[in-house]
Structure formats: structure tokens, C-alpha cells
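Everything on this sheet refers to the single structure shown next.
2 protein chains.
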Amino acid sequence: MARITINDIARISGYSKTTVSFAFNDPGRIGEATRAKILGIARDLGYIPDPVARNLSMKRHGTIGLLLPDDIPLAFDNSYMAQIVRGIGEVCERDGHSLTLIPPIRESLLEGVRSAAVDGIITIGLEPGPDTVEIIRHRHLPFVAIDGRPGGGFPVIGIDDRSAAEAIMSHVLDQGCTTIGLVAFADLAEVRSTSHVRVQRLEGYRNALGKRDHALLDDLVVTQAPASVAGGREAAQRLLSSSTRPDAIVAMCDVIALGVLAYAEEAGITVPQDVIVTGFDGIPESDIVRPRLTTISQPGYLKGRHAADLLMRLVAGVAVEDHVELPATLVVRTSSRRTR
Amino acid sequence: MARITINDIARISGYSKTTVSFAFNDPGRIGEATRAKILGIARDLGYIPDPVARNLSMKRHGTIGLLLPDDIPLAFDNSYMAQIVRGIGEVCERDGHSLTLIPPIRESLLEGVRSAAVDGIITIGLEPGPDTVEIIRHRHLPFVAIDGRPGGGFPVIGIDDRSAAEAIMSHVLDQGCTTIGLVAFADLAEVRSTSHVRVQRLEGYRNALGKRDHALLDDLVVTQAPASVAGGREAAQRLLSSSTRPDAIVAMCDVIALGVLAYAEEAGITVPQDVIVTGFDGIPESDIVRPRLTTISQPGYLKGRHAADLLMRLVAGVAVEDHVELPATLVVRTSSRRTR
DNA sequence: TTGTACGCGTTATCAG
DNA sequence: CTGATAACGCGTACAA
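Residue numbers (the numbering used here), protein chains in the order written: chain P, 1 to 340; chain C, 341 to 680.
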């Protein structure tokens, strides 16, 4: 049995498509009796309008797209992502939208952006390449970036990553550490060179080092790792088995720091006595793990809410501010406290 | 400047819509010169086919829907959900699909299911009400249920919840506990009465109790809580301040157990000495929290993968097995070990 | 090798 | 005031 279409209802009821459509969407424009008859037939036949055809003519899809920085398995291995999704989701539901996760196809965002049937797009954790932005523009899609670079002509939601990074590095140096192992997160090749938050955080870390003693810069070991516990574990193994073993490991996100802590425990290295560990993000696990993780607490949930809020306003055709900077705070916990 | 459509390209190039479409989708059917000319014009004008119109004529949307048991903020507060999404996402990407989260609209799943432009649907953590299933059927949407009741005419992915629950409760009783506080998770009103996994787990818990001493049944305190840390915290407060204070709290999912542990710590109640705590799911946090949480480790990631795998086969029109039962194991950790 | 016509629901525009 | 016609957007079976 084939799908029931509006044409079937029209044919059977003897009215035109227009009248049938009005029966559902604009009851005031047709007679009461006509409407009752049409609704009755539709109910009997179990008519459900094809959502796609509906979206096509209404030019509204009832869903917004979330452009992910990594493939889904990796992205959702980081609960910072879950926090952001929670915030976006709250606004989506309030406005009756669903939320479409658009992962990179073959390491590229282009394909997904070209073919996404969405009312607007939120990017997260990355600044899309110029060609990706161009496609979004060509498609006239409203567009908000979480953790992107301000000034690109689209709204950006973020924190002051540079100051936050400087704050946590300063704290580490206050503990008397001299050899810092820095673990950055890896991005898609597409955005690796320009990832705004990574650039900002690195600058912040360097600022803190520069204010103390420039020589320290030479001891800064930079490693890249996927943003996951496994990634952090491997990075820790590399750093902690090197000849210049660091006395502090500063991770650019909490999940990596969790991996570092896990490796340290397995290897019999005590935190914070043997090595200090810090993260960045303030995910729930940072307060659950032992030792508790010193980190920058940033409002992932609020970021998501604000981003979705701005996007909804853009979708509605309202102009919005182009930069929202939310507060982030240094949270000092056991993983970085030198007790001598 | 309005959108560039295929008609514009046709008009400007002097060819018909068909020819333009073939230039992109079936190059072999037109002349090489014709194709080059059309592609050149399209590139110059920045033509991007409207994804919705494309979906309409191709009857393929390139996305699958995930019907969530709770609103997004609550659902993603539970990292068991993240695990499942990771598994689904891996398969989606492999097949070039995106993933649409369909939350309940005003406590109801119906609206979302009616208007979802997706190739298929995965339900999770709930058994859709009969009317929801009916709509999915009417729409001829392929459909797979994670943690649903087998035998409904659609494939179900799950574990043996009854045996798993019996195993963990037996373990608790082995520790000598006599007053069990049981915390169940709350569902949407729509499915509350029939949630298959809850019914199965309750049965398993009761089986274990029944095998020891029927009198224990009277001491079983059942509480409901939202599946979140906050929910677990509140449930713990109620249970631990009651006159018949339990010597074990058995939670139906890990996030609730995490809340119980958090409350116990704040209230100065020691786990496992004062009260034993167990969870269910085996989320990553269960191994991070201290004391480490005794739980049932179930393969959320694999559940997602299997479900998406079956769904993709259904979308491709292939018949599939209608019940996949994955293994789950009892993992005994510190939170339930009585050391006397 | 290329063009015509159709499917799908909504709505601006027109006819009665 | 009520109801019908036609156009939108794309891919493709079918006709030429």
C-alpha cells in the first residue's frame, strides 16, 4: 500500500489540494462542513503530510545543524561536547526544533554543509575553513560559531581563552614547576593551522611563562593528542618517559588530563607529588576523578544556550550581537597542589 | 540576490533542466562539451542544489533520527547516552548519513515523529507508545529499538536486563545487606507503565531477593528519580534520612549512583562501610569515581553500532534479525565491598 | 543525446 | 466569502 498523499485526499473528497491544505493549516478560510468532511477522510486514511515536501514549500526545516569538529565517536568521547549539546538542545526544544549532528565526511566539512537540510548551523570547537564559510553564505544559512574567531562577519560565542590559559599556567608556575609538558588537542587537518582557541590558549600559556623567566620557554614540551582519554594517556606516556621528564603536565582539555591521570596511576607516578596535572573545560569528571583536577571551568552548557539563542534569532531574521564572551574561572583542586 | 536554482542554469546555458541535472549526476549521458559548459556556468554562479528539493525527488534524506527518551538536557546528562550516540554515529558516518536528535515536544514523541525528515528511526531507552509506533509504520519508516521490548515486529537491541539485575542484587545480598534501597529511573509519562528495561530489571532484583528470603521484599524501598546526578542525590537524601535507613542502595543506572555517592560524601556517610552503593550501565565515570562503582557493564557503544547497522540494512531494504542480545557483565568494585 | 512531465505540500493569485 | 490554479525546487522515467 502506497503512501497517502494530499492528492489522494483531494481526489476522494472531491475538493482541490488547496482546500485540503486549508483544512489543516488555515481552517478559517473554508466552510465548516467542508473542513469536517476533509478531516474525516484524512483521518480514516491515516494521512500524514510528507515532511520533506512540507519543508520544501515552507522553506523551514524544523531542525538546526551542529557542525562537529571531529567524527561522532571522538567528539562524544569528550563530555564537554555533551554539555554544549545540552545547552543547544534546550533552546531547540523550546522552539520546536530538532538537532542534526553533521560530522565531517572524509575529513571534510564541505560535503555535509552542502547537503544539510537545516534552518541554520552552529559550528563548534573550530573555525570553518574559508570555503566552508563560503558555502554556508551561498546557501544563505544563518550561522553561529562556538569557540571561533570573532570578526568574521558571524556571531561568535566563547570565553577569553588567552586570559584563562595564562591564569592556569601562572598557577602551575606558582607551584614551583620548571619543566612544563604541554598537551594540545589535535584538530581536523582542515582547521589545524587556524584553530582560534588553540592559538589563544597557547598564547596565554606563553604569556604566563614569559612573565616569569623567558628561559622556561625552552622547556616547554608541546605534544598533540586527540581530545580523548586515550589520547591523553598516550601523550602522558611519551612525556613521562622522556629524558627531560616534566614536573607539570598542562593539558588543553580535561579529557586529555583524565588520560594523563590514568596513565600516571598505572605507572606508579603520584599526582601532584611527582607531577602536577591540569586540564581545561571543567567537565563533570574533573570533580569526580582523584586527585581532583585543577582546571579552567568554562560554561559549556551556557555556550550552547547562547549560540542556539542567537541562531534562532538569526533564523527569525533579527540582527544579533556578533560576539558573546562568557566568564571562565580557574578552579584549583588537588591535582596541582604542591604539598611540601 | 536570490538563490541560484537549476532553472537559472538551464536558462542561461540554453539547455534543459534534465541536461543540467545529468551534468552533475549522470555525466555519461550527455556530451563532454555540453557538460563542461554547464559545469562552468554553475561554478561561476555558485550553484548549490537545494538539499530539500533533492531529498524530495530522491526519496532519501541522508540522515537518521534518534528518538530520545528525555529532553536533550537530561538525556545528555547521562553519558550512557553519549556512548550509544558514539556507536550510532560511527555507522552513520560510514554510510554518509548525519544524525538527527528528535526530542519529545511537550512531553510527547508524536509531533517529532510525524515531522521528522529522516530515512529511519532508532528509539532508545523506551518503548514507544502504540500510537507512536503506528505513525512510524504509517510513514513506512524503517525502525529499530534500543532497549525495547522484543516481539513488536521491529528489531530490538538489548541485553538480558533481568539476569543482569539479578546478578548485581545477588552480589549485594552476598555482602550481608538486609535493607535495600532501590532507585529506579523515571521515564516520560507516555511510556512509564511499560518501560521494558525497568520492568525486566525490577523482576531481576526481585528474583534475587526471592531466592534468599522472601521477607526481604518488604524492606525493598523503591524510589523514582530522573536519570541524572542531581536525581540520584535527591533520592539518596530521601533514602538515607528515612527511619529505616538502608544498608545498600541499588541504583538502576550509574548516573543516579554517582549522585548517591556524592550525597553520601557530603553527608559524611562512608561507602561501602555505612552503605553499599551499586549502579547499572558501566559508564566511564563509574571507574573514575571513588570509591569505584560496582555496576553492570553493558556495551552502550556496541548497542548503538548494532542498532544503526540493522537500521541501515532496513533502509537498504534488507530483512534483518529481530532481536540482538549483547553480553553484559557484573563488575565488582570498591563501592560494594564489605570489608570487616 | 536532450526535452517533457510528474511527484509533494503550501500559498500567492485569481475566479466565482 | 469560498474554492481553484499555478508555481516553487530537484531528479528521473519516459518520450522523442
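Glycine included, C-beta positions come from ideal geometry on N, C-alpha and C.
Among the residues of chain C, none has a CB under 8 angstroms from the CB of Ala-264(P); the nearest is roughly 14 angstroms distant. Around the CB of Gln-200(P), 16 or more other CB atoms lie within 10 Å, so the residue is classed as buried. For Gln-577(C), the enclosing alpha helix (DSSP H) covers residues 569 to 580. When the beta-carbon positions are compared, Val-523(C) and Ile-636(C) stay at least 8 angstroms from each other. When Cβ-Cβ separations below 8 angstroms define contact, Gly-465(C) makes no contact with chain P.
Per the DSSP secondary-structure output, Thr-223(P) pairs in a beta bridge with Val-183(P). Think of a sphere of 7 angstroms around the beta carbon of Gly-452(C): the chain P residues whose beta carbon falls inside it are Ser-98, in chain order. Under DSSP, Leu-441(C) shares a beta bridge with Leu-99(P), Leu-406(C). Annotation: Thr-179(P) to Ile-157(P) spans about 33 angstroms, alpha carbon to alpha carbon. Residue pairing by DSSP places Leu-330(P) opposite Ile-296(P) in a beta bridge. Of all residues in the segment 423 to 434 of chain C, the ones placed with a Cβ closer than 9 angstroms to any Cβ belonging to chain P are Gln-423, Val-425, Arg-426, Gly-427, Ile-428, Gly-429, Glu-430, Cys-432, Glu-433, in chain order. Apart from the 5 residues on each side of it in sequence, Pro-27(P) sits with its Cβ closer than 8 angstroms to the Cβ of Arg-35 in its chain, given in chain order. Boundaries of the beta strand (DSSP E) around Ile-276(P): 276 to 278. A distance below 8 angstroms separates the beta carbons of Gly-304(P) and Val-85(P).
Remark: fewer than three beta-carbon pairs, one from each stretch, lie closer than 8 angstroms, so the segment 349 to 361 of chain C and the segment 306 to 314 of chain P are not flagged as touching. Annotation: Asp-649(C) to Phe-416(C) spans about 22 angstroms, alpha carbon to alpha carbon. Here DSSP, grouped into helix, strand and coil, assigns Asp-459(C) to coil. For Glu-234(P), none of the residues of chain C pass the 8 angstroms Cβ criterion, the least Cβ distance being about 17 angstroms. Going by C-alpha positions, Gln-515(C) is about 34 angstroms away from Val-260(P). Distance from the CA atom of Leu-670(C) to the CA atom of Ile-404(C), rounded to whole angstroms, is 33 angstroms. Excluding residues up to 5 positions away in sequence, Ile-497, His-646 lie with their Cβ nearer than 6 angstroms to the Cβ of Val-664(C) in the same chain. Residue pairing by DSSP places Val-144(P) opposite Ile-122(P) in a beta bridge. Within the segment 639 to 653 of chain C, Tyr-641 place their CB atoms closer than 9 angstroms to a CB of chain P, listed in sequence order. At least one CB of chain P lies nearer than 8 angstroms to the CB of Thr-403(C). Look at Ala-36(P) here: in three-state DSSP terms it is helix. At least one beta carbon of chain C lies nearer than 8 angstroms to the beta carbon of Asn-55(P).
Using a Cβ-Cβ cut-off of 8 angstroms, Pro-51(P) counts as an interface residue toward chain C, since at least one Cβ of chain C sits closer than that to its own. Among the residues facing chain P, Phe-620(C) is not included, as its CB has no counterpart in that chain under 8 angstroms away. With contacts defined as CB atoms closer than 8 angstroms, Thr-100(P) and Leu-66(P) qualify as a contacting pair. Counting the other Cβ atoms within 10 Å of the Cβ of Arg-400(C) gives fewer than 16, which makes it exposed. Under the three-state reduction of DSSP, His-663(C) is assigned to strand. Ile-589(C) is bridged by DSSP to Gly-521(C), Val-617(C).
If you check the CB distance, Ile-48(P) and Arg-479(C) come in under 8 angstroms. Not one beta carbon of chain C lies nearer than 8 angstroms to the beta carbon of Pro-150(P).
Of the residues Ala-117(P), Ala-251(P), Ala-225(P), Phe-143(P), the one whose Cα lies closest to the Cα of Leu-74(P) is Ala-225(P). Residue pairing for Ser-108(P): DSSP places it in a beta bridge opposite Ile-105(P).
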